[in-house]
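*Asks:*
Chains as they are written, first to last, in UniProt numbering: chain A, 1 to 214; chain B, 1 to 691.
Okay, here's the thing in C-alpha cells:
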C-alpha cells in the first residue's frame with residue numbers, strides 16, 4: 001500500500017492550481033455576490049505560487065511534511081487576505097500529522113480532517129457558519145468512513161469527492177456568520193459560499209490524484 | 001360589497017335626491033360615517049335622510065372616485081402569497097406564515113401562537129397527538145385555548161431530557177394535554193441512553209413498550225427542528241456537543257432528537273441506536289405532520305425536513321419563509337403583491353466590461369505602487385526593496401512609538417497616503433481588498449520600531465486581524481511590544497451594542513491622524529493606544545453606493561444595484577451594503593445618513609465635530625460638495641460646530657460610485673491632536689494653533 005508522499009502532494013497542488021486558475025473568474029464572481037470579489041484571485045495566485053515553489057524544490061529529497069510546510073509559507077506570503085492564514089494553518093496541521101508517521105493513501109480523510117482542524121483553529125468558525133470548513137469536514141469524514149469500510153483508494157476518492165460536492169451545495173442554505181458575508185445576514189442565503197466552492201475544487205483535486213494514482 | 005352596481009351620483013341628483021347638509025359632497029360624509037364612525041348603511045341613511053341603496057351607491061362611488069382608498073397592509077398579503085408559494089414549491093398541504101415583525105413578542109411566542117391556530121384547525125375529538133419539545137413547542141402548548149374536543153390523547157414523542165431546560169418533552173406534552181383536556185401518555189425513559197443495549201432493554205420493559213405503542217397510532221404530530229448551533233435546543237438538551245458535531249459532519253440539524261442531513265434522512269452516528277422515541281420512518285407515517293419553526297439558523301433543517309417528506313403543514317414566519325424559498329433557488333422578489341424595495345437587476349448584457357487603465361490585472365497593485373514612489377519621493381519609500389512594505393521618508397527619532405497601518409490595495413490614497421510626519425510610520429499593502437501577509441507587516445514593524453514599541457491601526461476585518469495578529473506574535477518573539485487598535489467606525493455594519501463587530505471604513509483617516517500626532521508628541525505606547533481608541537470611538541461613518549465597484553481581475557461589477565436603487569451602509573470593499581433602498585435626492589440621502597449618525601452619536605448643541613465627506617472612488621468632487629452642503633445645514637440645525645472638513649478621495653473602494661460621511665466628535669484632547677501638523681501625500685497640513 002503506498003503512502004502519502006511528496007510526489008502525491010505535489011501532484012495534488014499541481015492539479016488544484018490548474019483548476020483554481022480555470023475557476024478564477026467564477027470564484028471572484030461568487031465572492032462578489034456576498035463578499036468582496038477577491039477570492040478567485042487569492043486562491044488562484046496562491047496555489048500558482050505554491051506550484052512554482054514546489055517545481056523548484058528537489059522533490060525526492062523533501063519529506064511530505066516539508067512539502068506542506070513550504071506550501072504554507074509560500075501561500076501565506078503570496079496572498080495574505082483571509083484565506084492566507086487559514087490555508088497556511090491547514091497545511092501546517094497537515095504537516096504535523098505527516099511528521100507523526102507515514103499515512104496510507106486510503107487514510108487521506110485523516111489528512112483532510114487535520115487540515116480542517118487547522119482552518120477551524122485559525123478562523124474560529126463553527127460548522128454551519130457558511131465557511132470552507134462546512135466542506136472540508138464532511139469530505140474528510142466521508143473519506144474516513146469509506147476507508148473504515150475497507151474501500152479501495154478509488155472508492156475513498158469517490159466518497160471524498162461526492163461529499164465535498166454535496167457539502168458545497170449545502171452552504172447555499174446557510175447564513176454567513178463569519179467573514180465579510182456575515183454583514184449581509186439573511187441576504188447571504190441562496191448563495192454558494194465562495195470559500196466552500198474553492199474547498200470543493202481542492203478536495204476534488206485530492207480525490208482525483210488519489211484515484212489516478214491507484 | 002354585494003349590492004348591485006348602483007347608478008352614479010349624478011344620475012341620482014337628476015332624480016331629485018333630498019338636499020344634503022354636508023356641503024356638496026355626500027360621498028365624503030357617507031364614507032366618513034361608514035368607515036371612520038362605524039355606522040351601518042341604514043343608520044347613515046337615517047342621518048342623511050336618504051335611502052339605504054343611495055348610501056350604498058355613495059360608498060361605491062367614493063371608492064371608484066378615490067375618496068376612499070382601501071388597502072390591506074402589504075406585508076400581510078405578501079405573507080399570504082409567500083405561504084402559497086411554499087405550498088406549491090414543496091408540495092405540502094398547508095402553510096401558515098406569521099406576517100410582519102411581530103413587535104415585542106419573541107419568535108417562539110409568535111410561532112407558538114400561529115401553531116396553536118394550526119392545532120385548532122387539524123385536531124378532532126378522539127385523536128392521538130404527538131408533540132416534540134423545545135421553546136417553540138412550549139409556546140405553542142401555552143397558546144392553545146378554546147379548543148373543544150374530547151377523548152384526545154397527547155403522547156410524549158421521545159424520552160426525557162435534562163431538566164436544566166424548562167421546555168422538556170414532558171413539559172411540552174403535559175401542557176398541551178392540560179390545554180386540550182386530554183389524557184397524557186409519557187415516555188418513561190431518557191431520550192438518549194448510554195448504549196444500544198440499554199435502549200433495547202428499556203424498550204422491552206412492559207410499561208415503556210406500552211407507552212411507545214401509542215407512537216405507532218399517532219393521528220397528528222406537532223414538532224420543531226433544531227439547528228446544531230451551540231445555542232440550539234439539541235445542545236441545551238444535553239444531547240449534543242462540539243465533539244459530536246465533528247462526528248456528524250454533513251448534518252444540518254435535528255428533529256425529534258434525530259440528527260438529519262440535507263435530505264432529511266437520519267445521519268448514521270453514535271446517537272442513532274441510543275435514541276428512544278418516534279423515529280423518522282414512524283414520523284412519515286403520521287397522517288398530519290405539522291412543523292413549527294422559524295429563525296434563520298433553522299433554514300437548513302427546515303429545508304431538510306421539507307425535502308425529506310416529514311412535513312404536511314409548515315408554520316413559520318415571513319423572514320424564514322423567504323429564506324427557505326431563496327435557499328431553495330426560488331426568486332423571492334417576484335413573490336408578493338409589489339416588489340420588495342429593490343428593482344430587479346437588469347440583464348448582464350447591458351453592462352459587461354468596465355474599461356480600465358491596466359497592463360495586466362495581476363501587476364496592477366505593484367505598478368500603482370511604483371507610480372506612487374515616483375510621484376511622492378519625499379513621502380514614501382519601499383522597505384528593503386519590497387514595494388508592498390512602505391515607510392515614511394522622514395527621520396523618526398529614537399524613543400518614538402511606531403505607528404504601522406495597512407490593509408488591502410484598492411482604497412487609494414489609503415493607506416499609503418497617510419504615512420509621514422504626524423501620521424503613520426509604515427504601511428503594509430496587500431492585494432486588492434486583501435490583507436497583507438504577516439511577513440510584510442513584520443517588515444514594517446521592525447522598521448518602525450524605535451525602542452518604544454509599535455501601534456497597529458487597521459480596519460476590523462477577519463483577514464486583516466489574522467495576518468496582523470500573526471505579525472504581532474512574530475514581533476513579540478523578537479522583543480518588540482505591539483499594541484493593536486482596530487477601527488470600527490462604520491455604524492451601519494453592526495448594532496450599537498455589537499460595536500466590536502463593526503468594520504473600519506473612512507474614519508480610519510482620523511484615527512491615523514490622532515495616533516500619528518500622539519506618537520509625534522513622543523507619548524508612550526499605552527497613551528498612543530488610548531488616544532487612537534478614543535478617536536475610533538468618536539468616529540461615526542455611513543457609506544452609500546449607487547454602483548458597485550469592479551475588480552481589475554474581472555473588470556465587471558462585483559454585484560448589481562438596480563437602476564433605481566442604492567445600497568445603504570456599504571463598506572469600502574465593494575461588498576454589498578446593509579440594505580438596498582430606492583435612490584433619493586442628495587439632500588434626502590444626507591438626511592438619512594445624519595439621522596442614523598445622530599441617533600447613535602447623540603450630539604448636543606455646542607458639540608464640535610470634524611467632518612469627512614469621502615468619495616468611494618467613482619463619485620466626483622462636485623457631488624461630494626453637494627452632500628457637504630446639506631450636511632452643514634443639518635449640523636447647524638443641531639447647533640453642532642464644524643471644526644474642520646475634509647472632502648475628497650480618502651478611503652475608496654476602487655471605482656465604486658458612492659460616498660461616505662464620517663463625523664468625529666471632538667473634545668479638547670482630540671481637537672489638539674487633530675490640529676497638530678502632519679505631512680502625508682494625501683493629507684498635508686501645517687497645523688493650527690489655538691488662537
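Just so it is clear, CB atoms sit at the ideal spot from N, CA and C, and this is done for glycine as well.
As the structure is a prediction and not an experimental result, all values here were calculated from the model.
Identify which residue in B:425, B:309, B:545 and B:455 has its Cα closest to the Cα of residue 390 of chain B.
*Replies:* Checking every option, the nearest Cα to that of residue 390 of chain B belongs to B:425.
*Asks:* With which residues is residue 270 of chain B paired in a DSSP beta bridge?
*Replies:* In DSSP, residue 270 of chain B forms no bridge with anything.
*Asks:* Which word fits residue 37 of chain B, buried or exposed, when buried means at least 16 other C-beta atoms lie within 10 angstroms of its C-beta?
*Replies:* Burial call: exposed.
*Asks:* Can you give me the C-alpha to C-alpha distance between residue 254 of chain B and residue 146 of chain A, rounded to a whole angstrom?
*Replies:* Taking the straight line from one Cα to the other gives about 24 Å.
*Asks:* With a CB to CB cut of under 6 Å and the five nearest residues on each side skipped, what residues in its chain are close to residue 541 of chain B?
*Replies:* If we look at residue 541 of chain B and ignore the five residues flanking it on each side, its Cβ neighbours are 489, 490, 505, 506, 507, 660 and 662.
*Asks:* For residue 90 of chain B, does the count of other Cβ atoms within 10 angstroms reach 16, so buried, or fall short, so exposed?
*Replies:* Under this definition residue 90 of chain B is a buried residue.
*Asks:* For the putative contact between residue 435 of chain B and residue 476 of chain B, defined by C-beta atoms under 8 Å, what is the C-beta separation to the nearest angstrom?
*Replies:* Rounded, the Cβ-Cβ distance is 19 Å, inconsistent with contact.
*Asks:* Name the chain A residues that come within less than 7 Å of residue 688 of chain B, Cβ to Cβ?
*Replies:* Within 7 Å Cβ-Cβ: nothing; residue 688 of chain B doesn't reach chain A, min ~37 Å.
*Asks:* Assuming residue 368 of chain B and residue 412 of chain B form a contact by the criterion Cβ under 8 Å, report the distance between their Cβ atoms to the nearest whole angstrom.
*Replies:* Right, the Cβ-Cβ distance comes to about 7 Å (below 8 Å), so this counts as a contact.
*Asks:* Could you name the residues of the stretch 275-301 of chain B whose beta carbon sits closer than 8 Å to any beta carbon of chain A, in the order they occur along the chain?
*Replies:* The residues in question are 296, 297, 299 and 300.
*Asks:* Taking only runs that begin and end inside the stretch 271-316 of chain B, name each unbroken beta strand (DSSP E) of 3 or more residues, in chain order.
*Replies:* Entirely contained in the stretch 271-316 of chain B, the beta strand (DSSP E) runs reaching 3 residues are, in chain order, 288-292.
*Asks:* Where residue 217 of chain A and residue 630 of chain B are concerned, what is the direct C-alpha to C-alpha distance, given to the nearest angstrom?
*Replies:* The shown model of chain A, from 1 to 214, leaves out residue 217 of chain A, and the question about it has no answer.
*Asks:* Apply the 10 Å Cβ neighbour rule to residue 384 of chain B and answer buried if 16 or more other Cβ atoms are within range, or exposed otherwise.
*Replies:* Its Cβ having fewer than 16 others within 10 Å, residue 384 of chain B is exposed.
*Asks:* Between residue 265 of chain B and the rest of its own chain, which residues show a CB-CB distance below 8 Å, the 5 nearest in sequence each way excluded?
*Replies:* Around residue 265 of chain B: 280 and 308.
*Asks:* Which chain A residues are close to residue 229 of chain B, counting only those with a beta carbon under 8 Å from its beta carbon?
*Replies:* Per Cβ cutoff of 8 Å: 126 and 128.
*Asks:* Distance check for residue 158 of chain B and residue 336 of chain B, CA to CA, integer angstroms please.
*Replies:* For residue 336 of chain B, the pLDDT reaches just 40, beneath the cut-off of 50, and the residue's location in the model is therefore unreliable, although a value from the coordinates is still provided. Taking the straight line joining both Cα atoms gives about 39 Å.
*Asks:* Cutting at 8 Å between CB atoms, please list the residues of its own chain near residue 183 of chain B, excluding the five before and the five after it.
*Replies:* Contacts found: 152, 153, 154 and 177.
*Asks:* Taking a contact to mean a Cβ-Cβ separation below 7 Å, would you say residue 479 of chain B touches residue 449 of chain B in this structure?
*Replies:* Contact flag unset, no.
*Asks:* So, is residue 207 of chain B buried or exposed, given that buried needs 16 or more other C-beta atoms within 10 angstroms?
*Replies:* With fewer than 16 Cβ atoms within 10 Å of its Cβ, residue 207 of chain B is classed as exposed.
*Asks:* Say whether chain A places a C-beta atom closer than 7 Å to the C-beta of residue 643 of chain B.
*Replies:* Residue 643 of chain B does not count as touching chain A.
*Asks:* For residue 566 of chain B, name the three-state secondary structure that DSSP assigns.
*Replies:* It is a strand residue.
*Asks:* Any idea what DSSP makes of residue 127 of chain A, helix, strand or coil?
*Replies:* Coil.
*Asks:* Name the chain A residues whose beta carbon is nearer than 9 Å to that of residue 573 of chain B?
*Replies:* Neighbours of residue 573 of chain B on chain A, chain order: 35, 36, 37, 38 and 180.
*Asks:* Sorted by chain position, which residues of the same chain lie with C-beta nearer than 8 Å to residue 201 of chain B's C-beta, five sequence neighbours on each side aside?
*Replies:* Excluding residues within five positions, none has a Cβ falling inside 8 Å.
*Asks:* Of all the CB atoms in chain B, is at least one closer than 7 Å to the CB of residue 131 of chain A?
*Replies:* Cβ-Cβ to chain B under 7 Å: no for residue 131 of chain A.
*Asks:* According to DSSP, residue 456 of chain B sits in a beta bridge with which residue or residues?
*Replies:* Its beta-bridge partners are B:404 and B:484.
*Asks:* Along the chain, where does the beta strand (DSSP E) that runs through residue 646 of chain B open and close?
*Replies:* Per DSSP, residue 646 of chain B belongs to the beta strand (DSSP E) from 641-648.
*Asks:* Residues of chain B with CB under 7 Å from residue 137 of chain A, in chain order?
*Replies:* Correct list: 246 and 249.
*Asks:* With DSSP as the reference, label residue 614 of chain B as helix, strand or coil.
*Replies:* DSSP places residue 614 of chain B in strand when its eight states are reduced to three.
*Asks:* Classify residue 120 of chain B as helix, strand or coil using the three-state DSSP reduction.
*Replies:* It is helical.
*Asks:* Quick check on residue 698 of chain B - is its C-beta less than 7 Å from some C-beta in chain A?
*Replies:* Here chain B has residues from 1 to 691 only, and residue 698 of chain B is not among them.
*Asks:* Closer than 8 Å, Cβ to Cβ, to anything on chain A: give me those residues from the stretch 101-131 of chain B, in chain order.
*Replies:* Going along the stretch 101-131 of chain B in chain order, one finds no residue with a Cβ nearer than 8 Å to chain A.
*Asks:* For residue 547 of chain B, is the classification buried or exposed, using 16 other Cβ atoms within 10 angstroms of its Cβ as the cut-off for buried?
*Replies:* With 16 or more other Cβ atoms within 10 Å, it is buried.
*Asks:* Could you tell me which of A:109, A:63 and A:127 sits nearest to residue 160 of chain A, measuring between CA atoms?
*Replies:* Among A:109, A:63 and A:127, the Cα nearest to that of residue 160 of chain A belongs to A:109.
*Asks:* Less than 7 Å between CB atoms is the rule here; does residue 359 of chain B satisfy it with respect to chain A?
*Replies:* Closer than 7 Å: no.
*Asks:* Buried or exposed for residue 553 of chain B, going by 16 or more other Cβ atoms inside 10 Å?
*Replies:* Buried.
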